[in-house]
Every structure is written in C-alpha cells, then in structure tokens.
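In what follows, a single structure is set out as structure tokens and then discussed.
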Amino acid sequence: KAGVTQTPRYLIKTRGQQVTLSCSPISGHRSVSWYQQTPGQGLQFLFEYFSETQRNKGNFPGRFSGRQFSNSRSEMNVSTLELGDSALYLCASSRAGISSPLHFGNGTRLTVT
Amino acid sequence: DQQVKQNSPSLSVQEGRISILNCDYTNSMFDYFLWYKKYPAEGPTFLISISSIKDKNEDGRFTVFLNKSAKHLSLHIVPSQPGDSAVYFCAAGNTGANSKLTFGKGITLSVRP
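Protein chains in written order, with our numbering: chain F, 8 to 120; chain W, 1326 to 1438.
Here it is as structure tokens:
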C-alpha cells in the first residue's frame, strides 16, 4: 500500500512569491491535515480537510490556504512568501481524522530567500 | 498558549536501559494521546496511542502511561536500542467533531551503544 506522497521534496522561493505544495493521501483515507515544522516549534497545525471540506484551521494568517479534491488529494498554497515561512511542511492522512492515527508524508522543505 | 509541553528537549540513555519521555498537557478536553517518532528527512511515524479511558497501553518495547489528574503522560522504551535514536513527539486531541491534534515540540532521544 503506497504511503502519503508529497511533492516536491524541496523548494526554494523568493520573498513575495507564492508556492503550491501537493499531497496524495493513502488510498481510502479521506482526511488530510497539513503541519508546519520549524526548529524549536514542533509541528504546528495548519488545517484539515475531510471530503473536500475544511474541517479545522490553525492559527496561521490568510496567506496560507488549502483545498482538497474529490480524489482526496490536497494542495496547500502560501502567497506573498516571507522569510519566516521557511520550514518543513508535512501532510498527513487518516481514515476519519484524529481518532485514527495520522500517516505522514516525508514533507516538503521550503526555503524562502 | 502551548497546550502540549515536552519540557526536556533531549535525552541520552545507554543501550539496553529504559528511556522515559515525558509530556504534559493543559487542556482537560483532550481525550486521545499519541506518540510519534521522527527520523531526519522523514515524516513522523505513529508509535502508540492511548485513550483517556485507560491509564496504560503497551506495544512491544513501548508503553505509554497516562495520569489524567496530573495531565501527564509518559512513553517508556524498554530496552532502548540505538535505532530508537530519533525525535519523539507527543500529541493530544479531542475525538469530537472538528477536533485537531496538538503536538509538543519534541524530544531528541539518543541511545548510546
């Protein structure tokens, strides 16, 4: 069974640009969550999608947005990039949300210069 | 406000001995707790979970203890092996609708051969 796939693995962008990250969940998983990991801050929750609907959202500015498609694949977009957005962005899928364990992808390492 | 706290950033133990990783939480609505392990350049992988109706859950070398009155949980690894060297994240959530997982900042475990 294929795991959670995130593309691309690495990205380098310039301040002010925008970026789109992609996540393909495990087959049959309808919940997709996104997390930001920065040194010393652990995993910060961005948002969760379930059956194409945003079910929960973390405390991030509106520059961070996402969506989920009918095949459960999800994208995350960050507009007007800032240096502080440099981080590892992790996507996780599960069958039903947090009541079943999250399965994480290997992440996208975003560097903003 | 950090609702899940892992106050020790690192822990070093000898191979074969017990590793005890601690986690505290402040939100009394949390009813589901998990531990994840993360190696460099990989996403976190699920280790073990515990529901608030239990005070202990065991899976092989890994045991999680939950003390609800103290809002404290711990992960015991016995015996510790060099391959256990990784970052360990504690996470908590409420299994009700629209809930999300809140992660601690992680503990770096080093197991010395």
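Note that CB positions come from ideal geometry on N, CA and C, so glycine has one too.
Neighbourhood of F:Q48 in chain W, by CB distance below 8 Å: K1430, in chain order.
W:L1346 is outside the set of residues whose beta carbon lies under 8 Å from a beta carbon in chain F. Taking 3 residues as the shortest admissible run, the segment 1338-1418 of chain W contains the following complete beta strand (DSSP E) segments, listed from N- to C-terminal end: 1344-1350, 1357-1363, 1370-1376, 1381-1384, 1387-1392, 1397-1402 and 1411-1418. The CB of F:L97 comes closer than 8 Å to the CB of G1368 and P1369 in chain W, given here in chain order.
If you draw a straight line from the Cα of F:F76 to the Cα of W:S1337, it is about 44 Å long. In the DSSP assignment, F:N63 falls within the beta strand (DSSP E) that extends over T60 to K64.
Beta-bridge annotation (DSSP): F:H110 is paired with F:S100. Looking only at W:G1385, W:D1409 and W:K1393, the smallest Cα-Cα distance to W:C1348 is reached by W:K1393. W:A1416 is positioned such that its CB atom lies no closer than 8 Å to that of W:Y1364. Taking 8 Å as the threshold, the shortest C-beta distance from W:T1420 to chain F falls below it. Taking each of W:S1424, W:W1360 and W:L1391 in turn and checking the Cα distance to W:F1414, the smallest one comes out for W:W1360. For F:G91, the secondary structure class from DSSP, reduced to helix, strand or coil, is helix. By the CB criterion at 8 Å, F:F57 and F:S34 fall outside the cutoff. Across the structure, W:D1409 and W:I1373 are spaced so that their CA atoms are roughly 14 Å apart.
Spanning the alpha carbons of F:S79 and W:G1418 requires a straight line of approximately 23 Å. A contact is defined here as three or more CB-CB pairs under 8 Å, and the segment 14-28 of chain F meets this definition with respect to the segment 87-98 of chain F.
Taking 9 Å as the cut-off between beta carbons, the residues of the segment 35-62 of chain F near chain W are S40, Y42, Q44, G47, Q48, G49, L50, Q51, F52, F54, E55 and R62, in sequence order. Burial of F:N63 is indicated by the presence of at least 16 other C-beta atoms within 10 angstroms of its C-beta. The Cβ of W:K1425 sits closer than 8 Å to at least one Cβ of chain F.
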